[in-house]
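Everything on this sheet refers to the single structure shown next.
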Amino acid sequence: MEEPNGSASSHDGRWLNPAAPSDKPDAEDGGMKESDAPLVSPPYWQTRARGDSLLSEVDTKRCSGPIRLRDNTEEESDLSNACWARSARIDDYVIVSGSVSKAGLGSYVVWNCTVETLNGGSFKIRRRYSEFDRLRNNLVKTFPHAGAALPEIPPKSLVHRFQPKFLEKRKIGLAHFLNCVLLNPEFTGSPVVKEFLFG
Numbered sequence: 053m054e055e056p057n058g059s060a061s062s063h064d065g066r067w068l069n070p071a072a073p074s075d076k077p078d079a080e081d082g083g084m085k086e087s088d089a090p091l092v093s094p095p096y097w098q099t100r101a102r103g104d105s106l107l108s109e110v111d112t113k114r115c116s117g118p119i120r121l122r123d124n125t126e127e128e129s130d131l132s133n134a135c136w137a138r139s140a141r142i143d144d145y146v147i148v149s150g151s152v153s154k155a156g157l158g159s160y161v162v163w164n165c166t167v168e169t170l171n172g173g174s175f176k177i178r179r180r181y182s183e184f185d186r187l188r189n190n191l192v193k194t195f196p197h198a199g200a201a202l203p204e205i206p207p208k209s210l211v212h213r214f215q216p217k218f219l220e221k222r223k224i225g226l227a228h229f230l231n232c233v234l235l236n237p238e239f240t241g242s243p244v245v246k247e248f249l250f251g
């Protein structure tokens, strides 16, 4: 910033005078030496004085009134009434065997889930991966604008589908998905979610 006496302010608040000798010791001889080149302020500091910006001025006469705050947590709020779940977790899983003669053919995994409600109660549901997949697809169709709020469910794998490490990762991903759905007031009151939970 250009000052009336020709000096400029540095970024750390010191005043720099382009014609003044340097106070820094010379690295080669360890003594004090005048700077060979004068210290010059950048051009944008030299041409503008502080306060010249029109963008920093605020027109307070155009304000129409006070800012109004609205509390959406009141009892009459539709969104707060739609929220009824506190959390969801997947406790464990059970591998249901299919045909014994054909190595794993027809076998599937059932996920044991617990949903805790805001009033302190809880209930258990048992769902297959395909039901979580159907829930997500139905929510995307029902709420096309809210697809970004829905996390992806863990991917399928024909090779690793019954391995404990794979199932533990899937358990974490499905629990995250279920919490995102049940804790979103727009989703949790929908018929799609009610069908998944109580159907």
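Using our numbering, the letters of the sequence shown map in sequence onto residues 53 to 251.
Think of the CB as a built atom: it goes at the ideal place given N, C-alpha and C, for glycine as much as any other residue.
Inset, instruction - Return yes when the Cβ of Ser149 is within less than 7 Å of the Cβ of Ser139, no when it is not. - result: As a working note, residue 139 is residue 87 in the sequence shown. As a working note, residue 149 is residue 97 in the sequence shown. Against a cut-off of 7 Å, the Cβ pair of Ser149 and Ser139 comes out as no contact.
Legend entry - Buried versus exposed call for Pro137 [16 or more other C-beta atoms within 10 Å across all chains shown]: The residue labelled residue 137 in the question sits at position 85 within the sequence shown. Residue 137 is actually Ala in this sequence, not Pro. Buried, because 16 or more other Cβ atoms sit within 10 Å of the Cβ of Ala137.
Legend entry - Local conformation of Val211 per DSSP, three classes: Stepping through the sequence shown from its first residue, residue 211 is reached at position 159. Coil at Val211, not helix or strand.
Legend entry - Distance between beta carbons of Leu191 and Phe239, contact taken as under 8 Å: By one-based count along the sequence shown, residue 239 stands at place 187. By one-based count along the sequence shown, residue 191 stands at place 139. So it is a contact: roughly 6 Å between Cβ atoms.
Legend entry - CA-to-CA distance, Glu204 to Phe248, given in whole angstroms: What you label residue 248 is simply residue 196 of the sequence shown in a count that begins at 1. What you label residue 204 is simply residue 152 of the sequence shown in a count that begins at 1. The alpha-carbon separation between Phe248 and Glu204 amounts to approximately 17 Å.
Inset, instruction - Measure the alpha-carbon distance for Asn231 versus Leu157 and round it to whole angstroms. - result: Here residue 231 refers to the residue found at position 179 when the sequence shown is read from its first residue. Here residue 157 refers to the residue found at position 105 when the sequence shown is read from its first residue. Leu157 has its alpha-carbon roughly 31 Å from the corresponding atom of Asn231.
Inset, instruction - Leaving aside the five residues before and after Asp144 along the sequence, list all residues of the same chain whose C-beta is less than 6 Å from its C-beta, in chain order. - result: The residue you call residue 144 lines up with position 92 of the sequence shown. Cβ within range, chain order: Asn164.
Legend entry - Residue range of the unbroken beta strand (DSSP E) whose run includes Asn231: Taking the first residue of the sequence shown as 1, we reach residue 231 at position 179. Segment Pro216 to Leu234 is the alpha helix (DSSP H) holding Asn231; no beta strand (DSSP E) there.
Legend entry - Collapsed DSSP secondary structure at Glu168 in the structure displayed: Position 116 of the sequence shown, counted from the first residue, corresponds to residue 168. Glu168 falls in the strand class under three-state DSSP.
Inset, instruction - Can you give me the start and stop residues for the alpha helix (DSSP H) that Phe239 sits inside? - result: By 1-based counting over the sequence shown, the position of residue 239 is 187. Start and end: Pro237 to Thr240.
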